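Participant:
Number of protein chains: 2
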Amino acid sequence: MKRVGIKDVAAAAGVSATTVSHILNAVEGKRINPDTRQLVLETAERLGYLPNNLARGLRLSRSYTVGFLSDEIATTPHAGLIIKGAQEAAAELGLLLLMLNTGNDRELEQKEIDLLLQHRVDGILYASMYHRTVEVPEQLRSVPTVLLDARSDDPAFPSVVPDEEQGGRTATRELLDHGHRRIGFVTNSDDIPATSGRLAGYRGALAEAGIGFDAALVSADLSDAQGGYRAARRLLGTAHRPTALFCFNDRMAMGAYRAAAELGLTVPGDLSVIGFDNQELISENLFPALSTVALPHYEMGARAIAQLQAVIDAPEPAGAPRSQETLHCPLVPRDSVAPPPRL
Amino acid sequence: MKRVGIKDVAAAAGVSATTVSHILNAVEGKRINPDTRQLVLETAERLGYLPNNLARGLRLSRSYTVGFLSDEIATTPHAGLIIKGAQEAAAELGLLLLMLNTGNDRELEQKEIDLLLQHRVDGILYASMYHRTVEVPEQLRSVPTVLLDARSDDPAFPSVVPDEEQGGRTATRELLDHGHRRIGFVTNSDDIPATSGRLAGYRGALAEAGIGFDAALVSADLSDAQGGYRAARRLLGTAHRPTALFCFNDRMAMGAYRAAAELGLTVPGDLSVIGFDNQELISENLFPALSTVALPHYEMGARAIAQLQAVIDAPEPAGAPRSQETLHCPLVPRDSVAPPPRL
DNA sequence: GGGTTCTGCCAAAACGATTTGGCACCTGCC
DNA sequence: GGCAGGTGCCAAATCGTTTTGGCAGAACCC
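For the protein sequence lines, the chains are A and B, in the order given.
Just so you know, the first sequence maps onto residues 1 to 343 in the numbering used here.
Just so you know, the second sequence maps onto residues 1001 to 1343 in the numbering used here.
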């Protein structure tokens, strides 16, 4: 099952391989007779010629391939959108994505990077499945690398992350805009950028609205539905309960729904709820559908590829500080936010 | 930033490139002095030699690369596990996955297949994000291809799919085993293998238990939480209501929970519920946690790679019928199934 | 000692593209 | 006619491997 090569096209068109190559690659500064060009193009088309990327890459020292190295691809549905964004942006540039995941195994990671280097990838996307600070493996210094949904303390690596603080501000503002003044924050207790960023956004929005920060309105717990349930119960059990809850993520919001139901509070009539992450499986299937703030996963993937391309193109003075890009988290309004009940 | 090649190793070790190649590839039937072997291995290690896969592939007509072509990677969290299964099994064989998704755009799909062929992939996994029958593009006949979570009417393509019928039987049996005799089936109304397969499994399990099929216990609707809610309401509103519900998927089960809550029925005290798909974001976060049946996504990915490898190895008589593999769907018991209430 | 067999290694030809450096022919001009 | 310059094409080298078909020299045998 032999594929047709450039020589076959050349022979069929009665010209040399050189000429075919010049024509197909539209090389600048080469004079080609329009008739010949036409003939060659038609012949290539007719024979179904597809350039052999291995040969091409060998000659050009360029594989038109990018490694996508992620810590844990399986656990979150977000992974899909990041990949999709990266893949589509890559395809636009004629690049293909080589997927690997390390499962947070440092040793395996080494081997996988070697594999990618063997395949002579043009660059590597080092992706995390949740926004965090990472320790970048040494080997990645020898190849263009961009951090995706992750950042490093080493400024030599460009990174693309969501703007957690703006997201927190957006969520809180959505509640403020509906007239809420007493807003609880159901947060989580991990020390990650999302936690501190969203809290900062929450405080910022309150300050803007001239509302003082009240630590009694913040309740932290595990970041799943159980945790959200407990934290919400604590906040809603108080005498002067909040009229709205900003939840750290949609899973915690799911728990908040249950807490509200148990207390006989309807959403959004008695209590408004807003989540974060826009996990559609949850936010769209809850009743009422959950208003939330989306993480720009698709855009992160796409922007990471753009950054990578920039590094590949730029003859980088190694170690020079690179762009740390922060992406906007948009509001996704649904049905869980309404004006506070009249007292 | 030039990488070290086989010639560099040869020079450093004082032998020819031929010898280095023989040693590193452990070629059979070649006599090598153990001392030389040792020296070469050490030199390669010391210089950090990594073979250039492009050159290697060019020579061997083998890229050690597999295309993963999926219709829609983003919409479902299952995607991650399929990919992970495929990726890990591939890595085991020294293969890397080239990811592309078509978004169900036939024209784009053509281009992407061309791209994969340009990169001279050793084979292609043609994956669907839900079990269905597909029309395989013509171009895929020229390259080893395996259908993943999909099947074709053309028996030339091997495929790997979940055993929907066994899954339906397993779910129903779980309810029967807890003593339920009156079991409702909240199903969906699309004409896909999952619908008919799970229904067949439901009927099969009932028959085994000597219970007659009652069409009034089956209610179809959209396959999301809203649909599940409506279907469950219909079944639970009847005079002689079922004591347990088998739901087509976890999202519908989520709706069933709400229906139960509205009717004042507790799960699993008054009503047992079992789902399907094991969407952990839902099943683990519902209260009580949802018992369900898992789709073997990881295994499907892994088995598909195994099948692909078989096709690559086998000098296939083109068009010969290939294996259609069906994978077991395991029960995932949680807290939503209990014995029926005593009347 | 001379032939034969082993041992251990190597030179050179692929693989399929791109790129460098021409070369042959034509045209126009004096 | 001779020369300069332009036009349109091509031969050969190259990228980094693998593989084929040896070839020297040592060891063995009689």
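We put the CB at the ideal spot given by N, CA and C, even for glycine.
Here the structure is a predicted model, which is why all the values come from computation and not from measurement.
Only counting runs of 3 or more residues, tell me where the beta strand (DSSP E) segments fall wholly within the stretch 113–167 of chain A, in order along the chain.
Facilitator: The qualifying runs are 123–133, 145–151 and 159–162.
Participant: GLY1184(B) by DSSP, collapsed to three states: which one?
Facilitator: DSSP places GLY1184(B) in strand when its eight states are reduced to three.
Participant: Tell me the DSSP bridge mates of GLU1325(B)?
Facilitator: GLU1325(B) pairs with VAL1160(B).
Participant: For GLY5(A) and ARG46(A), I'd like the C-alpha separation in whole angstroms.
Facilitator: If you take the alpha carbons of GLY5(A) and ARG46(A), they lie about 13 Å apart.
Participant: Along the chain, where does the alpha helix (DSSP H) containing THR1019(B) start, and where does it finish?
Facilitator: THR1019(B) -> alpha helix (DSSP H) spans 1017–1024.
Participant: Leaving aside the five residues before and after ARG37(A) along the sequence, list all residues of the same chain whose C-beta is less than 6 Å from its C-beta, in chain order.
Facilitator: Only ILE23 meet the Cβ criterion.
Participant: Listed in chain order, which residues of the stretch 237–264 of chain A have Cβ atoms closer than 8 Å to some Cβ of chain B?
Facilitator: Correct list: ARG251, MET254, GLY255, ARG258 and ALA261.
Participant: Kindly list the residues whose CB is nearer than 7 Å to the CB of ALA205(A), restricted to its own chain and excluding five residues on each side of it in sequence; keep chain order.
Facilitator: Counting only Cβ-Cβ distances below 7 Å, and skipping sequence neighbours, we find ARG169, THR172, ARG173 and LEU176.
Participant: Evaluate ASP35(A) with the Cβ neighbour count: other Cβ atoms within 10 Å of its Cβ, from every protein chain shown; 16 or more gives buried, anything less gives exposed.
Facilitator: By the neighbour-count rule (16 or more Cβ atoms within 10 Å), ASP35(A) is not buried but exposed.
Participant: What is the DSSP secondary structure of ILE958(B), counted as helix, strand or coil?
Facilitator: Past the boundaries of the shown model lies residue 958(B); chain B is included only from 1001 to 1343, so the question cannot be answered.
Participant: Put VAL1009(B) into one of helix, strand or coil per three-state DSSP.
Facilitator: Reduced to three states, the DSSP call for VAL1009(B) is helix.
Participant: Which one of LEU271(A), ALA44(A), ASP114(A) and CYS329(A) has the shortest CA to CA distance from ASN278(A)?
Facilitator: Checked all of LEU271(A), ALA44(A), ASP114(A) and CYS329(A); the closest Cα to ASN278(A) is CYS329(A).
Participant: To the nearest angstrom, how far is it from the Cα of VAL311(A) to the Cα of VAL160(A)?
Facilitator: C-alpha separation (whole angstroms): 14 Å.
Participant: With a Cβ-Cβ cutoff of 9 Å, do SER63(A) and ASN53(A) count as a contact?
Facilitator: In contact: SER63(A) and ASN53(A) (Cβ atoms closer than 9 Å).
Participant: With DSSP as the reference, label GLY57(A) as helix, strand or coil.
Facilitator: Correct three-state label for GLY57(A): helix.
Participant: Measuring CA to CA, which of LEU1245(B), ALA1231(B) and ALA1209(B) is closest to VAL1273(B)?
Facilitator: Out of LEU1245(B), ALA1231(B) and ALA1209(B), LEU1245(B) has the C-alpha closest to the C-alpha of VAL1273(B).
Participant: If you measure from the beta carbon of LYS1084(B) to each beta carbon in chain A, is any gap under 9 Å?
Facilitator: Judged by the 9 Å Cβ criterion, LYS1084(B) is in contact with chain A.
Participant: Measuring only between beta-carbons, confirm whether SER291(A) sits less than 9 Å from chain B.
Facilitator: It does not; no Cβ of chain B falls within 9 Å.
Participant: So the candidates are ARG1003(B), ALA1044(B) and GLU1028(B); which of them puts its Cα closest to the Cα of ALA1017(B)?
Facilitator: Here the closest residue by C-alpha is ALA1044(B).
Participant: If you follow the beta strand (DSSP E) that THR1065(B) is in, where does it begin and where does it stop?
Facilitator: From DSSP, the beta strand (DSSP E) with THR1065(B) extends over 1065–1070.
Participant: DSSP three-state label for SER1219(B), please.
Facilitator: Looking at SER1219(B) - three-state DSSP - the assignment turns out to be strand.
Participant: Are the beta-carbon atoms belonging to LEU39(A) and ALA13(A) less than 9 Å from one another?
Facilitator: Against a cut-off of 9 Å, the Cβ pair of ALA13(A) and LEU39(A) comes out as a contact.
Participant: Just to confirm, is the Cβ distance from ASN1380(B) to ARG251(A) under 9 Å?
Facilitator: Nothing in the structure corresponds to residue 1380(B), since chain B is present only between 1001 and 1343.
Participant: At 8 Å on the CB atoms, spell out the chain B contacts of ILE282(A), in chain order.
Facilitator: The answer, in chain order, is LEU1281, ILE1282 and ASN1285.
Participant: Nearest-angstrom Cα distance between SER142(A) and LEU1125(B)?
Facilitator: Roughly 32 Å between the two C-alpha positions.
Participant: For a contact meaning CB atoms closer than 7 Å, what does ARG1120(B) contact in chain A?
Facilitator: Simply ASN52, ASN53 and LEU54.
Participant: Whole angstroms are fine: how far does the CA of ARG233(A) sit from the CA of ARG198(A)?
Facilitator: About 21 Å.
Participant: What separation, rounded to the nearest whole angstrom, lies between the Cα atoms of ILE1183(B) and LEU1217(B)?
Facilitator: Approximately 7 Å, taken between the alpha carbons.
Participant: Between PRO1155(B) and HIS1178(B), what straight-line distance do the alpha-carbon atoms span, to the nearest angstrom?
Facilitator: Those two C-alpha atoms are separated by around 41 Å.
Participant: Return the bridge partner residues of THR1292(B) from the DSSP annotation.
Facilitator: VAL1332(B).
Participant: Against chain A, does ARG1046(B) count as a neighbour if the rule is that its beta carbon must be under 9 Å from one of theirs?
Facilitator: Answer no: the Cβ-Cβ gap between ARG1046(B) and chain A never drops below 9 Å.
Participant: The alpha helix (DSSP H) that contains ILE1274(B), what's its start and end?
Facilitator: Unbroken run through ILE1274(B) is the beta strand (DSSP E), 1272–1274; no alpha helix (DSSP H).
Participant: Which whole-angstrom value is the C-beta distance of ILE1082(B) and GLY1301(B), which I expect to be below 8 Å?
Facilitator: That pair is a contact at about 4 Å.
Participant: Can the beta-carbon of PHE185(A) be found less than 9 Å from the beta-carbon of ALA127(A)?
Facilitator: Going by C-beta atoms, PHE185(A) is not nearer than 9 Å to ALA127(A).
Participant: How close, in whole Å, do the beta carbons of LEU93(A) and GLN309(A) come, if the pair is a contact with beta carbons under 8 Å?
Facilitator: That belief holds up - the Cβ atoms of LEU93(A) and GLN309(A) are roughly 6 Å apart, short of 8 Å.
Participant: Grab me the residues of GLY1344(B)'s own chain with a C-beta within less than 7 Å of its C-beta, minus the 5 sequence neighbours each way, in chain order.
Facilitator: A query on residue 1344(B) cannot be resolved here, the shown segment of chain B reaching from 1001 to 1343 and no further.
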